[in-house]
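Heads up: the structure comes next, in structure tokens.
Residue numbers (my numbering): 4 to 447.
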């Protein structure tokens, strides 16, 4: 019997068939709703990259102004990430996640009123403050409902919303930009912010009713199911070292994981906020066509995230898979400047880069969620997300400055290649945790 099966066997009420049925039921209850919430979150992040196609001309903004505005979101996000996640622990996930969504939906819609760079910066900063704590809060929330055996797949399902958002936001934004300019005196980019901000408010209100703070509050689980779930989660937690909150901030692993996540962030957010511009530079001018073309890398990313997560669940080779994916993405970024004037080849290498980046995201969270539990887990996840998102502030601004200074994206894409390769090197330096190895034997 493996160490992992020993852990599961310590919960006698959860035989294999019963275990699978229970976690399947929990997944069907939680994951569709959480998926929709994160889908809207990502759409509200990405829509500024499409609004930019018309917003800059209408308001007289430069590429650098846009880059700073896109990036300053992360200043607010990072500053309030850990405090927000601590509030989630105090007030309960259902209340705090609802508050986050309502706040960011209102602020996203209100961005339609900006007319100056200062107003643009201010609204983007407030949007980051409002959204702070949402992603790490959900990751922590999943640890309260799923054991390690199922968590990778659940995280992959949740994070696939990033790719689906990218798949949808292009065509939808293209239609809005093309079809709604002039309605009630608003520009197309103003309608874009308004229309895509409303669903966040609706889902935030719904989460106050739909989400339960813990499994013990779930009226849709029987007393026997609650007991079985509690025993399975408790057995897994006792196999991990008890981590104090202070240990999180002193842990070299947390700082290294933050740096790795930052490498992803530098490349990913540069991609997200500038993809429409990259496509336009390949010779595509119609906003609808740009939106449709930008959907291609995201469509591939949806499949990549699910397939790679399933592979890692079976083989438990998290770190080696992440290294391969990072090298693949770095290679694609390095190749991109060489084919930038050919729309077909350009989209092909961008799709390859997206494959490597997006397939890595759900798998990455296997690493920190096996090291910490309880409040320490919430703090570790928030800290990694906060520090890892710092490049999200610099990346769009640097790319904007490069684009405005050199007139092309070549140097920016070389930068993405370099930081992604650095992420692969840091992953190689990261040592496997012995507790993870003990719990991570292939499922039988």
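Beta carbons: idealized from backbone N, C-alpha and C, even for Gly. In this text the structure is predicted, and so the values were computed from the model without any measurement.
Kindly list the residues whose CB is nearer than 6 Å to the CB of residue i, restricted to its own chain and excluding five residues on each side of it in sequence; keep chain order.
{"i": "residue 29", "result": "148"}
{"i": "residue 12", "result": "Residue placement at residue 12 is poorly supported in this model, since its pLDDT is 41, which falls under 50; the coordinates still yield a value, given next. Correct list: empty, nothing qualifies."}
{"i": "residue 415", "result": "402, 405"}
{"i": "residue 383", "result": "251, 257, 371, 375"}
{"i": "residue 101", "result": "207, 210, 211"}
{"i": "residue 232", "result": "218"}
Under DSSP, the alpha helix (DSSP H) around residue i begins and ends at which residues?
{"i": "residue 108", "result": "96-113"}
{"i": "residue 265", "result": "255-284"}
{"i": "residue 407", "result": "393-409"}
{"i": "residue 2", "result": "The chain is shown from 4 up to 447; residue 2 falls before or after that span and cannot be answered."}
{"i": "residue 218", "result": "Segment: none, residue 218 is in no alpha helix (DSSP H) and carries neither H nor E."}
{"i": "residue 193", "result": "191-213"}
{"i": "residue 143", "result": "137-146"}
{"i": "residue 162", "result": "151-182"}
{"i": "residue 120", "result": "120-134"}
{"i": "residue 345", "result": "Taken as a continuous stretch (DSSP letters only), residue 345 belongs to no alpha helix (DSSP H), as it is neither H nor E."}
{"i": "residue 412", "result": "Note, residue 412: premise wrong, no alpha helix (DSSP H); not H, not E."}
{"i": "residue 340", "result": "Where residue 340 is concerned, there is no enclosing alpha helix (DSSP H), given that its DSSP letter is neither H nor E."}
{"i": "residue 76", "result": "66-82"}
{"i": "residue 370", "result": "369-372"}
Within the same chain, show all residues whose beta-carbon is closer than 7 Å to that of residue i, passing over the 5 residues directly before and after it, in chain order.
{"i": "residue 362", "result": "307, 308, 311, 328"}
{"i": "residue 245", "result": "Legend: pLDDT at residue 245 = 49, less than 50; position of this residue unreliable, value from coordinates given subsequently. No residues qualify anywhere along the chain."}
{"i": "residue 126", "result": "110, 113, 114, 117"}
{"i": "residue 160", "result": "34, 38"}
{"i": "residue 348", "result": "342"}
{"i": "residue 96", "result": "140, 144, 214, 216"}
What's the C-alpha gap between residue i and residue j?
{"i": "residue 330", "j": "residue 433", "result": "16 Å"}
{"i": "residue 190", "j": "residue 298", "result": "23 Å"}
{"i": "residue 292", "j": "residue 177", "result": "7 Å"}
{"i": "residue 215", "j": "residue 221", "result": "6 Å"}
{"i": "residue 201", "j": "residue 342", "result": "39 Å"}
{"i": "residue 91", "j": "residue 422", "result": "32 Å"}
{"i": "residue 354", "j": "residue 410", "result": "23 Å"}
{"i": "residue 334", "j": "residue 300", "result": "16 Å"}
{"i": "residue 197", "j": "residue 332", "result": "34 Å"}
{"i": "residue 68", "j": "residue 56", "result": "13 Å"}
{"i": "residue 238", "j": "residue 419", "result": "42 Å"}
{"i": "residue 156", "j": "residue 21", "result": "18 Å"}
{"i": "residue 235", "j": "residue 150", "result": "7 Å"}
{"i": "residue 84", "j": "residue 137", "result": "8 Å"}
{"i": "residue 225", "j": "residue 366", "result": "32 Å"}
{"i": "residue 144", "j": "residue 287", "result": "42 Å"}
{"i": "residue 368", "j": "residue 158", "result": "8 Å"}
{"i": "residue 266", "j": "residue 72", "result": "21 Å"}
{"i": "residue 305", "j": "residue 290", "result": "23 Å"}
{"i": "residue 195", "j": "residue 88", "result": "29 Å"}
{"i": "residue 193", "j": "residue 129", "result": "18 Å"}
{"i": "residue 108", "j": "residue 81", "result": "19 Å"}
{"i": "residue 31", "j": "residue 139", "result": "21 Å"}
{"i": "residue 429", "j": "residue 323", "result": "12 Å"}
{"i": "residue 427", "j": "residue 398", "result": "19 Å"}
{"i": "residue 326", "j": "residue 79", "result": "30 Å"}
{"i": "residue 180", "j": "residue 316", "result": "41 Å"}
{"i": "residue 223", "j": "residue 264", "result": "36 Å"}
Check each candidate in the options and name the one with the smallest Cα separation from residue i.
{"i": "residue 165", "options": "302, 250, 61", "result": "302"}
{"i": "residue 268", "options": "257, 136, 390", "result": "390"}
{"i": "residue 209", "options": "64, 66, 144, 33", "result": "33"}
{"i": "residue 272", "options": "356, 123, 171", "result": "356"}
{"i": "residue 134", "options": "383, 225, 76", "result": "76"}
{"i": "residue 25", "options": "430, 227, 139", "result": "227"}
{"i": "residue 39", "options": "141, 304, 266", "result": "141"}
{"i": "residue 408", "options": "322, 42, 65", "result": "65"}
{"i": "residue 338", "options": "388, 417, 394, 288", "result": "417"}
{"i": "residue 46", "options": "385, 162, 325", "result": "162"}
{"i": "residue 352", "options": "369, 282, 31", "result": "282"}
{"i": "residue 63", "options": "106, 120, 103", "result": "120"}
{"i": "residue 284", "options": "205, 314, 412", "result": "412"}
{"i": "residue 131", "options": "98, 152, 154, 104", "result": "104"}
{"i": "residue 336", "options": "317, 358, 315, 316", "result": "358"}
{"i": "residue 44", "options": "171, 387, 60, 186", "result": "171"}
{"i": "residue 373", "options": "230, 319, 326", "result": "319"}
{"i": "residue 152", "options": "61, 394, 23", "result": "23"}
{"i": "residue 204", "options": "58, 396, 106", "result": "106"}
{"i": "residue 385", "options": "86, 399, 48", "result": "86"}
Skipping 5 residues on each side, what residues in its chain have a beta carbon closer than 8 Å to that of residue i?
{"i": "residue 295", "result": "173, 174, 177"}
{"i": "residue 124", "result": "71, 72, 75"}
{"i": "residue 61", "result": "190, 192"}
Cβ contact (3+ pairs, closer than 8 Å) linking the stretch 268-287 and the stretch 49-59: Yes, they touch.
contact_flag[the stretch 342-352, the stretch 257-272] where n(CB pairs < 8 Å) is 3 or more: Cβ pair count under 8 Å is below three, so no.
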